[in-house]
Amino acid sequence: MRTTPRASSPRRYLMCPPTHFTVTYSINPWMDPTKPVDLPLALAQWEDLRDRYRALGHRVELLVPDPALPDMVFAANGATVVDGRVLGAKFAHAERAAEAAAHLAWFRRNGWADDAVRVPEHVNEGEGDFAVTASWILAGRGFRSSPLSHDEAQEFFGRPVIGLELVDPRYYHLDTALCVLDDARDEVMYFPDAFSPGSRAVLARLFPDALIATEADAAALGLNAVSDGRNVLLPQAAVGLFAPLRERGFEPIGMDLGELLKGGGSVKCCTQELRP
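For the sequence shown, counting from 1, position 81 maps to 81 in the numbering used here; every step adds exactly one.
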C-alpha cells in the first residue's frame, strides 16, 4: 500500500455557477421539489469549490448560466473532453436537453475547431457516465446514457471504452458510483453494489487494488469526487473514505455541497475536466 505523498498535476476545469439553481422537477431519486433550495447557500458552497480548485493551482473556466436551465450547475454532464477533442452530450430528459448546445457553443467560442467537436448521435450525459484513465474510458449505462454511445465515444476518441452497467437508481450516473483517483496509474475507487454482477467482475479484474467504498460513503455521494492525482475533493459527509485515501498517499479535502445535493450532484457533477 502506498503511503508516500503523491504529486498533483495542474488541471483545467469548466464550471457553471448555480445562479438559477432550483429543484422544480424530479429526474433522479435525489430530487424532491417539495424541499426548498437555499440559493445563497448553494452559491456560497459552489464558490468555495471553485476557489479551492484555484488555490490548488488549477484553472477554472466559467460557463454562463441560463435562467431556463436550473441544472446547468452540474457542468460535468455537458460534454467529455479527451486529448483536446470534445464529444458533446445528448441528454436523456427534456428538462436538460438545451444544456448540450450551450456547452458546445462555449467550446466553439473558446478556440476548439469544428473537427475537434462532435455533436453526438446517441444519448450520453458527458462525464456523468464517462470516466477517463490512461488505459481506458469507463462508460456507464443503465439509467441515462445509451450503450450505443460507448461505440461512438470509442470511434471518436480512439481509446478503448469499457461498458459498465449501473443497477441502483440512486447511482444513476457512473460518477456517483466510481471516481478516478490517479488517471495516469489507472487507480480508482468505487462502490460495487451500484453495478451489475458482470460489471463488478470487470472492475475487479481491471482494478484489483481499487479503494472499495462502503454503502454509507456511497450514499453520501462520496464517490462524486475530483482528484488531481494527489488532492481528492469529495463530500465531507463521506467520512469513511478519508483514512483509506490518506493511507494511499492522497490528501482528501472535504467539501460541503449540501444544497446542490438536493439536485443529485456534488463535487464531480459540478466539474467538467478539459483534458488537453
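A virtual CB, placed ideally from N, CA and C, is assigned to each residue, including glycine.
Quick caveat, the model's predicted, so the values are computed rather than measured.
- Of the candidates Ala101, Ala100, Asp183, Asp183 places its Cα closest to the Cα of Val132.
- Taken in chain order, the unbroken stretches of alpha helix (DSSP H) that lie wholly in the segment 48 to 112 and span 4 residues or more are 99 to 109.
- Comparing C-alpha distances from Pro17 to each of Leu257, Pro276, Arg275 shows the shortest one belongs to Leu257.
- Residue pairing from DSSP places Asp182 in a beta bridge opposite Glu187.
- Restricting attention to Arg108, Leu104, Val86, Asp114, the CA atom closest to the CA of Phe130 is found in Val86.
- In this structure, DSSP gives Leu274 an extended state, which the three-state scheme calls strand.
- Residue pairing for Ser9: DSSP places it in no beta bridge.
- Asp209 is positioned such that its CB atom lies no closer than 7 Å to that of Gly240.
- When DSSP reads this structure, Met255 sits in a beta bridge with Pro235.
- If you draw a straight line from the Cα of Ala55 to the Cα of Phe107, it comes to about 25 Å.
- Closest in alpha carbon position to Tyr190, among Gly111, Cys179, Val226, is Cys179.
- When Cβ pairs closer than 8 Å are counted between the two stretches, the segment 25 to 36 is seen not to touch the segment 146 to 159, the count staying below three.
- Burial check for Ser9: the Cβ neighbour count within 10 Å stays below 16, so the residue is exposed.
- About 7 Å separates the CB atoms of Leu181 and Val232; that is less than 8 Å, so the two are in contact.
- With contacts defined as CB atoms closer than 7 Å, Gly78 and Glu99 qualify as a contacting pair.
- In the three-state reduction of the DSSP assignment, Phe157 falls in the helix class.
- Between Glu47 and Val226, the alpha-carbon positions lie close to 16 Å from each other.
- Counted as a single uninterrupted DSSP element, the stretch harbouring Leu223 is not any beta strand (DSSP E), since DSSP gives it neither H nor E.
- Gly142 and Glu127 have their alpha carbons spaced roughly 15 Å apart.
- In the three-state reduction of the DSSP assignment, Ala116 falls in the helix class.
- In the three-state reduction of the DSSP assignment, Glu165 falls in the strand class.
- Cβ neighbours of Ser135 within its own chain (closer than 6 Å, five residues either side excluded): Asp186.
- Per the coordinates, the alpha-carbon of Leu39 lies some 24 Å from the alpha-carbon of Arg170.
- Taking a 10 Å sphere around the C-beta of Asp71, we find 16 or more other C-beta atoms and assign the residue as buried.
- Across the structure, Arg11 and His58 are spaced so that their CA atoms are roughly 5 Å apart.
- Looking at Gly84, Tyr13, Thr24, the one whose alpha-carbon comes closest to that of Arg52 is Tyr13.
- Per DSSP, the beta bridge partners of Ala139 are Phe130, Gly163.
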